[in-house]
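Undergrad:
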């Protein structure tokens, strides 16, 4: 298997993760968002597995398994269950229209390519491209967090951001497993926190729109 | 040794003042201790200027462990030690009788020794860290004394303005020293002298130094705090703030601009001269319109700082041009004026303190006729007023004359800006000198001559012996520094030699006691001969009058000065004396408007004459600035109430912006 081929496959999977990031921005239904997120996690798991195979680093298989089990299955199912249980409104409420979000997303990808490629001129081509892709995924996750009103979509945005970080971690050679496990756990913790948070909001306001929280802050008279 | 011992006494005195503040005798003890310490520091300065060569220095393990505190005495430091501690000794002696009777004495006495200590440490500091710490201590100690009488709303306002301006000054000095130290971060002055500043670095250092020290000295338009804060403190502290602390600020300016900063171009000299000229004229114009005696003196300080800065600017301009001899002359004149101003301004503030102690009033409208009731204070104040009005043979004349003499050489500079600019500044200086004379004729005439304008003034009696003695000592110093100018300038040439690199002979052509700064034919002055000639003329006149005049006794009414009726309202008042000047200058500069309200026919109420004035610098600069700060604060305040998404957006926006900066810098 040639160097070029492994590079092409890694590139393909990384680009799939990025495309899934755009997909997240494009969805108008909450369940579709969750499905896209699961797809992104699967792609991430594939990326990790491929890197494990190429770099002959068996610990990355663990990362791939974590991504597959927790991110692609557990988290989407849990959110699914939460939404059904709470009877949450199932359309995505946007703060910035979807068309504009996509345009800004493209600009962010351009920015990260412009930024990463010159900085990492000394690194291998694989690392460079993957880092650019990973950074784009991170920025798109942040963009999702700020342009969507619903708390569920904000959580998904946050986890998409984590996906970007893991993608960056697996593409760099020799990253120890500790880092990935901690990242995975942080996602779980965030998941738990946000889960409790949802129940709380739901109990009080019958809605998951974070705008309802704002009138409850003590410093605003 | 002497200096170190005196400096160590001062904090002990402060501790004592805190512990024993309840006992009335403790205040006298503290001030007496301060007097002894200042006298010792004065002796230390004199001893150094008299004989030492080289610059003894010491490194003490104070402050941050890896920086240490560096101290050093050179000629400039020794001169300022003299200037500061002469006035400080007089003010401390005055305070022995004065400071213990103030109602707010327990809030003043502990900080007084700290203030003295901090000012001396600024002079002795040989690294930026020590300098700034001492500088801040000086500001804070004086601020605490300004707000000591905090029940008065005006004093609180003065304190607020003062602390803002003090923070601004230090805010300028911090980056100034940072630039001087450079990336190496060696904050000793020795390292700064050796460093080459780039053109931008040199520009910023000079600008920040002028702003930082100028705001403390009272350079227009940074003077706004000075006429508020100086009168708010008790009089012996006002004397030190006005007479001494402004000199410490000027010391800082000289130290940075002429010593630490390598090469200054003549442009900075020109800018300083212009600023000094404007400061002098505006300061005295404000002063001449004041009704509050201490405020008048504070504005007059602004004027004198302007005069000293004209000399300093001229020295920098000459030095930048390579004309070392003239630079030395201008610097000698400027330093001479600083020393003089320190002496007579301290004297005048102490005099105003004596007036307040005797009458409880500081408004000119409530004083009058004090010369008969307080002959000692009146005589000493007269000497101070004559000196500040630069009358020969007193010291104020010599320094202003020297500055004018060096200004006359300004057109010898090659730049057309200076050829034309210097005479303009000279005209400013002459105008300021004339207005200062008017100002003090008015202050002295209204306060000490005529008839009392209030019961308190009518019942005043002279102050205690210690207070009189300290004023008398300063008055003698005014006369001495005026009568033997050549001795003073000879001492000053030692000071300016390291700064300008030349040995100036101010009296080369004619020798002692003739002061001939430029050449024997261009202008020479000898106060010594003038005084001796004057005294002998006086003796001859007395002899002639008594010998040749008629011996017959003649009875007649004494001259009533044009006031046949014995009512004080028929005299000049402060505002009426200043009216011609207010009409001539105030109309445009201060927007002074007079209006007369006549009562209705049949109404027996008196007619009213009111004057409205605005402070152009306060209204034109500080008020809009304050409004701008308020506006910004109001709008930035909204950031407190953003939504969660808003905060995320802000962070995201910042991140993207930083990434963009990195990306763009890579492309370049």
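Chains as they are written, first to last, in the numbering used here: chain W, 1 to 221; chain H, 1001 to 1668.
Heads up, the beta-carbon is just placed ideally off N, CA and C, and yes, glycines get one too.
Using only the heavy atoms of the ligand GDP, determine whether one of them is closer than 6 Å to the beta carbon of residue 1305(H).
TA: As far as ligands go, the structure on display features none, and thus does not contain the ligand GDP.
Undergrad: Report the partner residues of residue 1608(H) according to the DSSP bridge assignment.
TA: 1597(H)
Undergrad: Can you tell me which of 1344(H), 1038(H), 1460(H), 1218(H) puts its alpha carbon nearest to the alpha carbon of residue 1276(H)?
TA: 1218(H)
Undergrad: Since residue 1027(H) and residue 1105(H) should fall inside the 8 Å C-beta cutoff, what is the C-beta to C-beta distance between them, to a whole number of angstroms?
TA: 5 Å
Undergrad: Which same chain residues end up closer than 7 Å to residue 1088(H) when comparing Cβ atoms and leaving out the 5 residues on each side of it in sequence?
TA: 1038, 1116, 1240, 1244
Undergrad: Taking the CB atoms as reference points, tell me whether residue 1237(H) and residue 1119(H) lie closer together than 7 Å.
TA: no
Undergrad: Got a sec: is the Cβ-Cβ distance from residue 1649(H) to anything in chain W below 7 Å?
TA: yes
Undergrad: In terms of residues, what are the limits of the alpha helix (DSSP H) holding residue 1095(H)?
TA: 1075 to 1098
Undergrad: Run through DSSP, which three-state label would residue 1188(H) get?
TA: Shown here, residue 1188(H) sits in a strand according to DSSP, grouped into three states.
Undergrad: At least one CB of chain W closer than 7 Å to the CB of residue 1665(H): is that the case?
TA: no
Undergrad: Between residue 1299(H) and residue 1287(H), which are expected to be in contact by the criterion C-beta below 8 Å, what is the C-beta distance as a whole number of angstroms?
TA: 4 Å
Undergrad: Looking at the C-beta of residue 146(W), does it have a partner C-beta in chain H at a distance below 7 Å?
TA: yes
Undergrad: Can you grab the Cα-Cα spacing for the pair residue 221(W) / residue 1162(H), in whole Å?
TA: Here the model assigns residue 221(W) a pLDDT of 44, short of 50, so the residue's position is not dependable, and the following value carries that caveat. So the alpha carbons of these two residues sit roughly 35 Å apart.
Undergrad: Can you confirm whether residue 142(W), when its beta carbon is compared against all beta carbons of chain H, has any partner nearer than 7 Å?
TA: yes
Undergrad: Would you grab the beta carbon distance between residue 1049(H) and residue 1075(H) for me? Rounded to a whole angstrom, and I think it's under 8 Å.
TA: Right, their Cβ atoms sit about 7 Å apart.
Undergrad: Any idea if residue 1405(H) is buried or exposed, counting beta-carbon neighbours within 10 angstroms, 16 or more meaning buried?
TA: Counting Cβ neighbours within 10 Å, residue 1405(H) comes out buried, since at least 16 surround it.
Undergrad: Identify every residue that forms a DSSP beta bridge with residue 1515(H).
TA: 1525(H)
Undergrad: By the three-class DSSP mapping on this structure, what secondary structure does residue 220(W) have?
TA: In this prediction, residue 220(W) scores a pLDDT of 47, lower than 50, which makes its location untrustworthy; the coordinate-derived value is nonetheless stated afterwards. Residue state, collapsed to three classes: coil.
Undergrad: For residue 1223(H), which residues from the same chain have a beta carbon less than 6 Å from its beta carbon, with the 5 sequence-adjacent residues on both sides left out?
TA: 1302
Undergrad: Which of the three DSSP states is assigned to residue 148(W) in this structure?
TA: Residue 148(W): strand per DSSP, three-state reduction.
Undergrad: Leaving out five residues on either side along the sequence, give the residues of the same chain with a beta carbon under 7 Å from the beta carbon of residue 1003(H).
TA: 1041, 1044
Undergrad: If the criterion is Cβ atoms closer than 7 Å, does the pair residue 966(H) and residue 1353(H) meet it?
TA: In the structure displayed, chain H extends from 1001 to 1668; residue 966(H) sits before or after that span and is not available.
Undergrad: Among 1060(H), 1457(H), 1158(H), which one has its Cα closest to the Cα of residue 1361(H)?
TA: 1457(H)
Undergrad: Near residue 95(W), what residues of its chain come up, given a Cβ to Cβ distance below 6 Å and the 5 sequence neighbours on each side ignored?
TA: 147, 149
Undergrad: With a CB to CB cut of under 8 Å and the five nearest residues on each side skipped, what residues in its chain are close to residue 1484(H)?
TA: 1513, 1527, 1528
Undergrad: Does chain W have any CB closer than 7 Å to the CB of residue 1668(H)?
TA: no
Undergrad: With DSSP as the reference, label residue 1430(H) as helix, strand or coil.
TA: helix
Undergrad: Quick check on residue 1236(H): does DSSP put it in helix, strand or coil?
TA: Residue state, collapsed to three classes: helix.
Undergrad: Please list the residues of the region 102 to 115 of chain W that have a C-beta atom closer than 8 Å to any C-beta atom in chain H, keeping them in chain order.
TA: 108, 111, 112, 114, 115
Undergrad: DSSP state of residue 91(W), grouped into three classes?
TA: Three-state DSSP puts residue 91(W) in a strand.
Undergrad: Decide if the region 1489 to 1504 of chain H is in contact with the region 1315 to 1333 of chain H; the criterion is three or more beta carbon pairs, one per stretch, under 8 Å apart.
TA: yes
Undergrad: Between which two residues does the beta strand (DSSP E) containing residue 1057(H) stretch?
TA: Where residue 1057(H) is concerned, the enclosing beta strand (DSSP E) stretches over 1057 to 1060.
Undergrad: Report all residues from its chain with a CB closer than 6 Å to the CB of residue 1213(H); omit the five preceding and five following residues, and keep chain order.
TA: 1249, 1252, 1253, listed in sequence order.
Undergrad: With a cut-off of 8 Å, do at least 3 Cβ pairs link the region 1167 to 1179 of chain H to the region 1127 to 1144 of chain H?
TA: yes
Undergrad: So residue 1645(H) is in the alpha helix (DSSP H); what residue range does that whole segment cover?
TA: 1644 to 1667
Undergrad: Does the beta carbon of residue 1652(H) sit closer than 7 Å to a beta carbon anywhere in chain W?
TA: With a threshold of 7 Å between beta carbons, residue 1652(H) makes contact with chain W.
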